[in-house]
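Novice: So the protein sequences, as listed, match chains A and B.
Following our numbering, the numbering of the first sequence begins with 2 at its first residue and continues without gaps.
Following our numbering, the numbering of the second sequence begins with 607 at its first residue and continues without gaps.
Backbone N, C-alpha and C fix where the C-beta goes; we use that ideal spot for every residue, glycine too.
On a predicted model such as this, the values are computed, not experimentally measured, just so you know.
Got a structure for you, questions after.
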Amino acid sequence: MIKKVTNHLSQNEALLFERSSPGKKAYQLPELDIPAVDAAEALGAENVRQEIAGFPEVSEVEALRHFTRLSTWNYAIDYGMYPLGSCTMKYNPRINEVVARTEGLAWAHPYQPESLSQGCMQVMACLEAALAEICGMDAVTLQPAAGAHGELTGILLIRALLEKRGNPRLKILIPDSAHGTNPATAAIAGYAVENIKSSETGGVDLTALEQLVTGDVAALMVTNPNTLGVFENNIVRVAEILHKKGAMLYMDGANMNALVGIARPGDFGVDVMHLNLHKTFSTPHGGGGPGAGPVAVKKVLEPFLPTPRLKRSGRRLAFDYKRKRSIGRVKAYYGNFGVLVRALAYIQAHGGPGLRNATMDAVLNAVYVRKALESYYDLPYQSPNMHEVVFSDDRQAKLGVRTGDIAKRLIDYGFHPYTVSFPMIVHGALMIEPTETEGKLEIDSFIDAMISIAHEIETDPQMVKNAPYNTRTSRVDEVTAARKPVLRWKPA
Amino acid sequence: MRYLPKSESERRAMLDACGVSSPEELFAHLPEGVRLNRPLNLAPGISEYEIVEYFRSRAAECATGYASFLGAGVYHHFRPVLVDTVVSRGEFLTSYTPYQAEIAQGTLTTIFEFQTMICQLTGMDVANASMYDGSTAVPEAAMMAVRATGKGRVLIAKSVHPEYREVLATYAKHQGMPVVEFGYIAESGNLDLEDLERQMDPLTGAVIIQTPNFFGIVEQVKAAAEIAHRHGALLVVVFTEAVSLGLLEPPAEADIVAGELQSFAISPSYGGPYAGIIATKGKYIRQMPGRLVGQTTDSRGNRAFCLTLSTREQHIRREKATSNICTNQALIALMATVFMTVYGKQGLRELAEQNLAKAHYLAGKLKPRFCGKFFNEFVVRAEGKSPEEINKALLKKKIIGGLPLGRFYPELADCTLLCATEMTKRADMDALAEVQA
Ligand SMILES: Cc1ncc(COP(=O)(O)O)c(C=O)c1O
């Protein structure tokens, strides 16, 4: 039975371009306090454009309604549970939005004098220190803009260290359970990718690893807990195998929500890792970004971190640009500062003990979901899970219903789907990550929905295959979108 | 804790259902020696009020109440109120990447509108859903050009933003992508087209220029395109000041446009988050990095949008993907979309005209170092004193002066890059000119 949602009027809305009419305005500029300038004269007539053909012309109220109406066509954390595995869709505290807009911070220009930027630099220094403590690492750079960007930074750091030791090596090892950004990153950093098959329990296969780690291997990129939500129990051994051969251990920290306050990568052998502040540290995803992907390293890698580095000089903070061994910049300026502010506000709100409690609730929620659903959905890997749980559609597929169909039916019940078809080592994966910011009522209602769908599949699989029914947009034809790409509006 | 929505009795009931007596037991499977056996060395949690106070105090240690003449890639433009109103809506703020199209049509529709407006502004056929920022869009564009031409060498103008060039160097280093710089003309600040011609060779796959360039000067896109194309390379045109596109001829001769949208309602925020874009000609679509939204229909035959052409991307293609980008800057791109909507066809032009007028008023009181045509930034030579000394004197008048160029261009160590926008007041310009001139 669908309990969480009821249908409700949804406003239709045309595209901006279809709403436009010449002369409509949503702006008013102040009168110029200086003489106007003739554009053709100042810029050269050949450099001045004609009108921007097709650009919108709408009034203020129409603009507001346009975006408000469109917004109601989205699902969001603010509406309910968003159990996208690997994405850590937790509540985004609103205080973070408020402090990020504090004038002296929001309007700080990256080139204003350091003497007038001490507050911004202090925020960055505090966050660096907190993240280093959380990860058990020695130094942190805040420059990368997202997880994948952090990965690239981390692999370039490894490359720089190995180069200095005389040989950058040729390959990066990546488990077949890894996120696509890992191999894509290794390629940009100039490495060949060698896949390493996961063991029967879904972890890094030690025997395979021993064979694969040769003098050609620069590093292993491992996600821990891995993308099954399972802690790599052999992680210390994995680090030893790599280190013995002069290779490094990179950790994709996308799943740090399972570890904060409980275990620290730096303590179990990781040399370099990234964090996703837009996952573990509650900064909003905003429909796909912005994020921030700080990178934490052990001391040996510190000299190679991107320029500039924050340093203390007396009671002041300053940027150090003269770092001979640095890999260089990965981004202009200092990082996604506005995201950093939000993450620090989150860490302050929880505090040390609070962060640990959040981790415990995140794991409790995922284990609770597993217990409740394991008699309805196939659980391909039986190891204890942490912050997320991965089922397969094995049983439902026998009736012709796949994970993607179950996901669409879940929408009718008023939930955002889980992550579909990832990790690739699970055939037909349902990857569920509740996060700690879901209460018992919401989770119970999610569990009810999943059980109800399991029953529906047994009685009427075809109905499930055509879901969703309760949305303003029914199943979208993605095949035609790719076959005949229409990527912009054009006048009819 | 206010972010954890469980009562003690609910938590207890859940622990019971899991068959454990304490939350710690959930971690019992972690090997010995892996667990942290002490509390994190971080202060205890604090209230909303204290958090606000903390950040207010930090903000008070930064510049407030100053007039600023800084540009150099980050511009002070007024942010229309609707921008914050729209992006504060939880439906946009707290949703993920729109993979589930049926419940993400809001985000998907706005991205489709964004892609369309970027094409209209730049004269390109397709634009992606955003890159991290302008600086990272440059190496992505270079890699794209290299893939499209099969030629690995990249020529970049010295008048491209210096930090963008640094980022390109970092990315290019390990991809067998030699990067060579070519110069600018000392009198005009424009591209040195003869130097470009001289440095072209059959291995060059990309020529990268910026307009208006780092000195604020409007470049000869057509001439650069002619040289690049004659040698079988693609032309990448970079922009950092998007407002200029309200008035300037779009770089339609480019093959790829890589830009920064910070000017479209994004607060300077000490360097980020901003939003980059890549736009290109139709024939290069399959070489594009990043997400793309396409139009299609739903099973009832209604117009709908979805992410598309994802076989270019890392989650499908892995190490053969066109880029490793996953999370982009969607919400920032939405801010830019609202900004473009509010100003619209007329407003963006008027806004650009005001910027032009302000900068030319200021330049009229000073002596620009270069004779090239400029938009809202220009270079001046410091007379008598060093740029740093002048800036120090300006700070006393609550004015943050322009960017001294010596740190990026030793040959311009006596020069400052000044910017004026629609927000720059006449009185402040007059005050600056008195000290600067
Ligand atoms: C395991 C894992 N690694 C890496 C990433 C990439 O992070 P980002 O999207 O921030 O670039 C993700 C994000 O989806 C992920 O889940």
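Residues bridged to residue 1010 of chain B by DSSP?
Specialist: DSSP lists B:1022 as partners of residue 1010 of chain B.
Novice: Please tell me whether residue 817 of chain B and residue 867 of chain B are closer than 9 Å, where the distance is taken between their beta carbons.
Specialist: In this structure, residue 867 of chain B does not lie closer than 9 Å to residue 817 of chain B by Cβ.
Novice: Would you list the residues sitting across from residue 199 of chain A in a DSSP beta bridge?
Specialist: Bridge partners of residue 199 of chain A: A:205.
Novice: Cβ of residue 614 of chain B less than 9 Å from any chain A Cβ?
Specialist: Answer no: the Cβ-Cβ gap between residue 614 of chain B and chain A never drops below 9 Å.
Novice: On the premise that residue 302 of chain A lies in contact with residue 272 of chain A, defined as a C-beta separation below 8 Å, what is that separation, rounded to the nearest angstrom?
Specialist: Rounded, the Cβ-Cβ distance is 7 Å, consistent with contact.
Novice: Measure the alpha-carbon distance for residue 18 of chain A versus residue 479 of chain A and round it to whole angstroms.
Specialist: Spanning the two alpha carbons is a distance of roughly 24 Å.
Novice: Which residues in the same chain as residue 380 of chain A place their Cβ atom closer than 6 Å to its Cβ, once the five residues preceding and following it in sequence are excluded?
Specialist: Hits under 6 Å: 392.
Novice: Who pairs with residue 392 of chain A in a beta bridge, going by DSSP?
Specialist: Partner(s): A:431.
Novice: Taking a Cβ distance cut-off of 9 Å, strictly less, list which residues of the segment 636-659 of chain B are near chain A, in chain order.
Specialist: Against chain A - using a Cβ distance shorter than 9 Å - the residues of the segment 636-659 of chain B are 636, 637, 639, 640, 641, 642, 645, 646, 647, 648, 649, 650, 651, 652, 653, 654, 656, 657, 658.
Novice: Grab the span of the alpha helix (DSSP H) containing residue 62 of chain A for me, first residue to last.
Specialist: Here the alpha helix (DSSP H) through residue 62 of chain A covers 61-72.
Novice: By the 10 Å Cβ neighbour count, where 16 or more other Cβ atoms means buried, how is residue 657 of chain B classified, buried or exposed?
Specialist: Residue 657 of chain B is buried by the Cβ-count criterion.
Novice: With 9 Å as the limit, tell me which residues of the segment 971-984 of chain B have their beta carbon closer than that to any beta carbon of chain C; keep them in chain order.
Specialist: The structure shown contains no chain C; its protein chains are A and B.
Novice: Going by beta-carbon coordinates alone, are residue 913 of chain B and residue 287 of chain A separated by less than 9 Å?
Specialist: The answer is no: Cβ separation not under 9 Å.
Novice: DSSP three-state label for residue 96 of chain A, please.
Specialist: Note: residue 96 of chain A maps to helix in three-state DSSP.
Novice: For ligand 1, any of its heavy atoms closer than 8 Å to the Cβ of residue 277 of chain A?
Specialist: Result yes, Cβ under 8 Å from ligand 1.
Novice: May I ask you to report which of helix, strand or coil DSSP gives residue 380 of chain A?
Specialist: Note: residue 380 of chain A maps to coil in three-state DSSP.
Novice: Are there 16 or more other CB atoms within 10 angstroms of the CB of residue 655 of chain B, so buried, or fewer, so exposed?
Specialist: Counting Cβ neighbours within 10 Å, residue 655 of chain B comes out exposed, since fewer than 16 surround it.
Novice: State the Cα-Cα distance for the pair residue 411 of chain A and residue 939 of chain B, rounded to the nearest angstrom.
Specialist: So the two alpha carbons sit approximately 29 Å from each other.
Novice: For the 8 Å Cβ check, are there 3 or more pairs between the segment 887-906 of chain B and the segment 483-493 of chain A?
Specialist: These segments touch.
Novice: Once DSSP output is grouped into helix, strand and coil, what is the label at residue 216 of chain A?
Specialist: Coil, per DSSP.
Novice: Should the segment 216-235 of chain A be called in touch with the segment 164-184 of chain A, which here means at least 3 C-beta pairs below 8 Å?
Specialist: A contact exists between the segment 216-235 of chain A and the segment 164-184 of chain A.
Novice: Determine whether the beta carbon atoms of residue 134 of chain A and residue 636 of chain B lie at a separation below 9 Å.
Specialist: The answer is no: Cβ separation not under 9 Å.
Novice: Can you determine whether any heavy atom of ligand 1 sits closer than 8 Å to the C-beta of residue 179 of chain A, and answer yes or no?
Specialist: Checking every heavy atom of ligand 1 against the Cβ of residue 179 of chain A, one is found closer than 8 Å.
Novice: Between residue 265 of chain A and chain B, is there a C-beta pair that is closer than 9 Å?
Specialist: It does; some Cβ of chain B falls within 9 Å.
Novice: Any C-beta of chain B sitting closer than 9 Å to the C-beta of residue 163 of chain A?
Specialist: No, because no Cβ of chain B sits closer than 9 Å to the Cβ of residue 163 of chain A.
Novice: Whole-angstrom Cβ separation of residue 709 of chain B and residue 417 of chain A, contact assumed at under 8 Å?
Specialist: Confirmed, about 7 Å.
Novice: Just verifying my parser: in three-state terms, what is the DSSP assignment at residue 673 of chain B?
Specialist: If DSSP states are grouped into helix, strand and coil, residue 673 of chain B belongs with the strands.
Novice: Just curious, the beta strand (DSSP E) that residue 140 of chain A is in, first and last residue?
Specialist: Run containing residue 140 of chain A: 140-142, per the beta strand (DSSP E) assignment.
Novice: Taking 8 Å as the line, does the beta carbon of residue 791 of chain B fall inside it for any heavy atom of ligand 1?
Specialist: No, the Cβ of residue 791 of chain B stays beyond 8 Å of every heavy atom of ligand 1.
Novice: Could you pull out every residue in the same chain whose Cβ sits closer than 6 Å to the Cβ of residue 794 of chain B, ignoring the five residues on either side in sequence?
Specialist: Only 976, 977, 978 meet the Cβ criterion.
Novice: If I follow the unbroken alpha helix (DSSP H) through residue 624 of chain B, where does it start and stop?
Specialist: 614-624 is the span of the alpha helix (DSSP H), which, as asked, contains residue 624 of chain B.
Novice: Using DSSP with H/G/I as helix, E/B as strand and the rest coil, what is residue 766 of chain B?
Specialist: Coil at residue 766 of chain B, not helix or strand.
Novice: Taking only the alpha-carbon atoms, compute the straight-line gap between residue 337 of chain A and residue 879 of chain B and give it to the nearest angstrom.
Specialist: One C-alpha to the other measures close to 4 Å.
Novice: Along chain B, which residues have their Cβ under 9 Å away from the Cβ of residue 152 of chain A?
Specialist: Result: 930.
Novice: Near residue 727 of chain B, which residues of its chain fall below 7 Å by C-beta distance, leaving aside the five closest residues on each side in sequence?
Specialist: For residue 727 of chain B, where only same-chain residues beyond five positions count, the Cβ hits under 7 Å are 851, 856.
Novice: Near residue 1002 of chain B, what residues of its chain come up, given a Cβ to Cβ distance below 7 Å and the 5 sequence neighbours on each side ignored?
Specialist: Correct list: empty, nothing qualifies.
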